[in-house]
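Here is the structure we will look at.
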Amino acid sequence: MANYSVWMLEASNITVSGGQSLSGVTQGDGSHLVGETIRLETNGWLETFIRDGGQDGDFDDNDNNQRLDGAQTIGGSTYGNSTRVEAEYRITLRDPDSGETWDVLGYNVDNSNPAYATVEGLAFVGPPGGFPPVGRDLEVTSAFEGPGSSGQATINAGDLASPPCFTPGTAILTATGYRPVESLGVGDLVQTSDAGLQPLRWVGAVTLSGGDLRRRPEFQPVRIRAHAFGPGCPARDLLVSPQHRVLLRDWRAELYHGEAEVLAAAVHLVDGARVLRAPAVKGIRYLHIMCDRHHIIRAEGLETETFLPAQAALSGVPRAALSELLALFPELAAPGAAPVPARPILRGWEARVMRPARRANRVAA
């Protein structure tokens with residue numbers, strides 16, 4: 256038996272030209288979409304959890320073993336545990352300007368008669384972050400039966416795109432509302448818990464290949480599942496680097512640590528259920544944002560931190576980015592330089608007693 260996630264975009268967030276819809280109604284091969292355009296209206300990807308009772312980890316068409324792992328809400332409807340799901344068809348999208356193409360799967364919850372009559376959204380083949388651009392009319396150039404059906408090759412769930420420390424796709428609260436972290440630049444204002452709106456002084460990135468992560472598995476990302484720390488905290492799944500810290504605020508912080516609010520690294524909060532390691536087989540890109548001081552900000556509704564450039568963190572910054580950072584903050588090059596953290600930072604054993612699996616743990620919404 257295999258358990259895996261499939262990230263998809265719900266049909267309500269997708270516009271199809273020509274009065275068409277994603278659903279085939281009388282055909283399950285997606286051919287009714289060829290010649291039309293599809294536009295993704297948002298990057299609000301939804302993670303769905305699937306249990307496959309077979310011997311593979313593929314997300315295919317006509318596979319009776321693929322079932323929702325627990326009750327889940329998709330497209331505004333809640334489906335019960337073990338509802339069957341499948342990849343109804345495969346289409347190719349093409350950007351007419353760049354010529355770039357994407358393989359896309361029709362995500363079907365089997366709750367109709369015939370079963371292929373509804374398609375609740377689209378899933379995308381590709382690496383972390385490998386989604387098409389939002390707000391662009393993309394041409395449907397071809398359509399096929401779903402993977403694993405009618406001679407079509409199977410597609411492993413690990414080959415499907417997912418939102419890539421912040422990792423690309425993470426929504427950060429700014430002066431103009433929530434914005435994807437990859438869209439932020441120096442000078443943009445982010446909302447902080449202690450000092451209101453503050454400008455970003457530096458934005459950096461670290462890209463790790465699948466080989467890098469196999470050699471250094473301690474760099475594999477951590478997934479914080481939606482509502483792990485209470486309603487809306489985070490509002491949707493959040494993928495971060497293992498040492499990225501989360502703000503914790505509950506009675507145990509005061510009891511055990513003498514502080515009302517503390518910071519804990521995501522990796523120290525892993526419980527295998529609400530916070531878990533999320534291996535990125537094909538690699539990952541971590542994004543860092545930094546203000547003049549260390550601050551608490553909101554990512555997907557969860558209170559977390561800006562980049563804290565302690566010596567250990569600087570050792571993981573690429574040479575070019577490090578040169579830029581030290582040019583902006585030359586004091587960081589001084590031996591023993593240690594910026595003041597926004598909150599006390601817990602050690603591993605201290606953080607583990609505050610894991611979200613313990614129902615009392617909450618983070619402010």
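Just so we're on the same page, the numbering used here is the position in the sequence shown counted from 1, plus 255. We put the CB at the ideal spot given by N, CA and C, even for glycine.
Checklist line | Three-way DSSP call (helix, strand, coil) for Arg610 in this model | finding: In the structure shown, Arg610 sits in coil (DSSP, three-state: anything other than H, G, I, E or B).
Check: What residue from Asp350, Leu301, Ala554 has the CA that sits closest to Phe484's CA?
Finding: Ala554
Notebook entry, point to check: Do you know whose CA, among Val359, Tyr541, Asn366, Ala408, lies nearest Glu394's CA?
Noted result: From the listed residues Val359, Tyr541, Asn366, Ala408, the smallest Cα separation to Glu394 is found for Val359.
Margin query: For Val374, count the other beta carbons within 10 Å of its own beta carbon; 16 or more makes it buried, fewer makes it exposed. Which is it?
Written below: buried
Item checked: Nearest neighbour of Arg478, chosen from Asp467, Pro489, Leu494 [CA to CA] -> Of the candidates Asp467, Pro489, Leu494, the one whose C-alpha sits nearest the C-alpha of Arg478 is Leu494.
Margin query: Could you tell me the alpha carbon to alpha carbon distance between Arg500 and Gly285, rounded to whole angstroms?
Written below: The alpha-carbon atoms of Arg500 and Gly285 are separated by roughly 44 Å.
Next item on the list: For Arg598, count neighbouring Cβ atoms within 10 angstroms of its own Cβ and tell me buried if that reaches 16, exposed if not.
Entry: buried
Next item on the list: Under the assumption that Ile269 contacts Leu295 (Cβ atoms under 8 Å), give the Cβ distance between them as a whole number of angstroms.
Entry: 6 Å
Check: With 16 other CB atoms within 10 Å as the buried threshold, where does Val441 fall?
Finding: exposed
Next item on the list: Compute the beta-carbon to beta-carbon distance between Ile539 and Pro476, rounded to the nearest angstrom, for a pair I have assumed lies under 8 Å.
Entry: 6 Å
Note to self: I'd like to know whether the C-beta atoms of Gly361 and Ala342 end up nearer to each other than 9 Å.
What the structure shows: Yes, these two residues count as a Cβ contact at 9 Å.
Next item on the list: For the beta strand (DSSP E) containing His543, list its first residue and its last residue.
Entry: It spans 538–545 - the beta strand (DSSP E) in which His543 sits, taken as one unbroken run.
Check: What is the rounded straight-line gap between the Cα of Ser404 and the Cα of Gly283?
Finding: Each residue's Cα considered, the two are about 11 Å apart.
Check: Where are the alpha helix (DSSP H) runs, 4 residues long or more, that stay fully inside the segment 396–480, in chain order?
Finding: 465–470
Note to self: Rounding to the nearest angstrom, what Cα-Cα distance links Ala567 and His550 in this structure?
What the structure shows: Legend: pLDDT at Ala567 = 43, less than 50; position of this residue unreliable, value from coordinates given subsequently. Between the C-alpha atoms of Ala567 and His550 there is a straight-line separation of about 18 Å.
Notebook entry, point to check: Whose C-alpha, out of Val536, Arg306, Arg602, Arg529, is nearest the C-alpha of Pro489?
Noted result: Arg529
Notebook entry, point to check: Taking the alpha carbon of Ser272 as the point to measure from, which residue in Gly603, Arg504, Val289 has its own alpha carbon closest?
Noted result: Closest option to Ser272, Cα to Cα, is Val289.
Check: What are the start and end residues of the alpha helix (DSSP H) that includes Arg507?
Finding: Arg507 -> alpha helix (DSSP H) spans 506–512.
Notebook entry, point to check: Can you tell me where the beta strand (DSSP E) with Asn363 in it begins and where it stops?
Noted result: 356–364
Checklist line | Proximal residues to Thr328 (C-beta, below 8 Å), its chain only, five neighbours per side dropped | finding: Tyr334
Next item on the list: Would you decide whether Ala408 is buried or exposed? Buried here means 16 or more other CB atoms lie within 10 Å of its CB.
Entry: exposed
Next item on the list: For Gln310, count neighbouring C-beta atoms within 10 Å of its own C-beta (all shown protein chains included) and say buried if the count is 16 or more, exposed if not.
Entry: exposed
Next item on the list: Taking Asp492 as the reference, give the member of Asn258, Asp315, Trp262 with the closest Cα.
Entry: Relative to Asp492, the option among Asn258, Asp315, Trp262 whose CA is nearest is Trp262.
Next item on the list: State yes or no: is the C-beta of Gly376 within less than 9 Å of the C-beta of Glu265?
Entry: yes
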